[in-house]
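Following my numbering, the numbering of the sequence shown begins with 10 at its first residue and continues without gaps. We put the beta carbon where it would ideally sit given N, CA and C, even for glycine.
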Amino acid sequence: MPEIRLRHYAIAVLLLLPLFGGCSSRTVFLHPGDEPQQAAQLAANLIRAGYKVAPMKTALPEANQQAQIIYHPLLSGSDYLNGIVQIMASNGYSQPKLLDINQANQFFTQGNLGIFLPMHGQRLPPVMATHDCSRLRATLEPQATGELDLDIVQTDADLLLKGSYRLDWSGSGTLELKGQRFHVNLSSTQVETNFGTKDADLLELEQENVTEGPLPRHCSFIAIYGL
């Protein structure tokens with residue numbers, strides 16, 4: 010059994026920000042993508058302009074070819090948002106993709122604003138290896154709607170169970186499969202492998218209503234990156 014060290018993870022997660030007040034009362038959360046040097050320079054320029062900046066470790070689940078800003082609709086057209094766009098343009102990101110939370114469907118709350126710099130190779134692996142459910146195989150696939158589609162196959166009976174669930178800001182949600190209702194949690198972890206320490210995602214299903222069904226009460230799957 011690989012050694013697992015959990016740390017908090019969510020799909021496109023931003024922390025709760027206050028809605029009112031000036032720049033000092035809001036935080037710009039910045040994910041560097043695969044451009045850490047550019048991210049450091051952008052953060053420095055934002056701070057110089059009076060913005061509060063904090064790092065964000067959670068990337069968008071899909072490949073991100075251009076810089077993106079995700080914000081609450083009430084910030085649309087505001088000096089706060091426009092100032093950030095101008096600073097990004099001066100750092101080489103002249104046309105960041107602007108998405109309010111109604112478009113992005115990312116479960117952000119009022120006042121949130123996050124910057125995601127390009128990450129060209131980011132993706133969730135199509136197949137998640139079984140961690141503690143030897144008879145099951147899972148496939149986790151992100152959709153443009155912000156949902157994650159989960160397919161589970163019971164290998165010895167060729168049983169396909171399909172369901173979709175949507176994560177909230179904390180990286181958790183619910184899923185119903187064949188009359189069984191599960192609490193779902195997706196978290197980030199690191200796993201010691203023969204190829205060194207690798208990042209991984211841990212998907213855990215915990216049955217909420219104890220009923221008979223094809224799935225055990227608790228089941229988890231792990232996807233290891235970079236092998």
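Exercise for the section: State the CB to CB distance for the pair Asn100 and Asn54, rounded to an integer number of angstroms; the pair is presumed to be in contact (CB under 8 Å). Expected result: Numbered from 1 along the sequence shown, position 91 holds the residue referred to as residue 100. Numbered from 1 along the sequence shown, position 45 holds the residue referred to as residue 54. Right, the Cβ-Cβ distance comes to about 6 Å (below 8 Å), so this counts as a contact.
Handout entry: Where Tyr80 falls: helix, strand or coil (DSSP)
Key = On the sequence shown, position 71 is the one that residue 80 refers to. Reduced to three states, the DSSP call for Tyr80 is strand.
Problem - Host beta strand (DSSP E) of Asp109 (start-end) - result: By one-based count along the sequence shown, residue 109 stands at place 100. Looking at the DSSP string, the run of the beta strand (DSSP E) that includes Asp109 is Lys106 to Asp109.
Handout entry: Inter-residue Cα distance where the pair is Leu108 and Glu221
Key = Here residue 108 refers to the residue found at position 99 of the sequence shown. Here residue 221 refers to the residue found at position 212 of the sequence shown. Cα to Cα, the separation comes out at about 43 Å.
Problem - Of the residues Ala63, Ala49, Asp208 and Arg35, the one placed nearest Leu84, counting alpha carbons only - result: Sequence index remark: in the sequence shown, residue 84 carries index 75 (1-based). The shortest Cα separation from Leu84 among Ala63, Ala49, Asp208 and Arg35 belongs to Arg35.
Handout entry: Ile124 - partner residues in DSSP beta bridges
Key = The residue you call residue 124 lines up with position 115 of the sequence shown. Note: Ile124 sits in a beta bridge opposite Leu39 and Ile78.
Problem - Neighbourhood of Lys106 by C-beta distance below 8 Å, restricted to the same chain and skipping five residues each side - result: One-based indexing of the sequence shown puts residue 106 at position 97. Contacts found: Gln75, Ala76, Gln77 and Ile78.
Practice task
Have a look at Ile124 and Pro41 and give me their C-alpha separation to the nearest angstrom.
Solution key: Along the sequence shown, one-based indexing puts residue 124 at 115. Along the sequence shown, one-based indexing puts residue 41 at 32. Taking the straight line joining both Cα atoms gives about 8 Å.
Practice task
Measuring alpha carbon to alpha carbon, tell me which of Asp208, Ser87 and Glu213 ends up nearest Thr183.
Solution key: Counting from 1 along the sequence shown, the entry for residue 183 is found at position 174. When each option's Cα is compared against that of Thr183, the closest is Glu213.
Exercise for the section: Please report the residue range of the alpha helix (DSSP H) in which Pro225 lies. Expected result: Position 216 of the sequence shown holds residue 225. Neither: Pro225 is in no alpha helix (DSSP H) and is coded neither H nor E.
Handout entry: Bridge-paired residues (DSSP) for Val94
Key = Position 85 of the sequence shown, counting from 1, holds the residue named residue 94. Paired residue(s): none; Val94 is not in a bridge.
Practice task
Work out the CA separation of Leu122 and Cys142 for me, nearest whole Å.
Solution key: Locating residue 142 in the sequence shown gives position 133, where the first residue counts as 1. Locating residue 122 in the sequence shown gives position 113, where the first residue counts as 1. Their Cα atoms are separated by approximately 39 Å.
Problem - Alpha-carbon spacing of Phe191 relative to Ala147, whole angstroms - result: Against the sequence shown, residue 191 aligns to sequence position 182. Against the sequence shown, residue 147 aligns to sequence position 138. The alpha-carbon atoms of Phe191 and Ala147 are separated by roughly 15 Å.
Handout entry: Given Lys61 as reference, the closest of Ala209, Phe38 and His81 once Cα atoms are compared
Key = To locate residue 61, count along the sequence shown from 1; it is residue 52. Of the candidates Ala209, Phe38 and His81, the one whose C-alpha sits nearest the C-alpha of Lys61 is Phe38.
Practice task
Please name the residue, chosen from Ile56, Glu217 and Gln199, that lies closest to Val193 on a Cα-to-Cα basis.
Solution key: Within the sequence shown, residue 193 is the residue found at index 184, counting from 1. Answer by Cα proximity: Glu217.
Handout entry: Asp210 burial status per 10 Å Cβ neighbour count (16 or more: buried)
Key = Along the sequence shown, one-based indexing puts residue 210 at 201. The residue in question, Asp210, is buried, as its Cβ has 16 or more Cβ neighbours within 10 Å.
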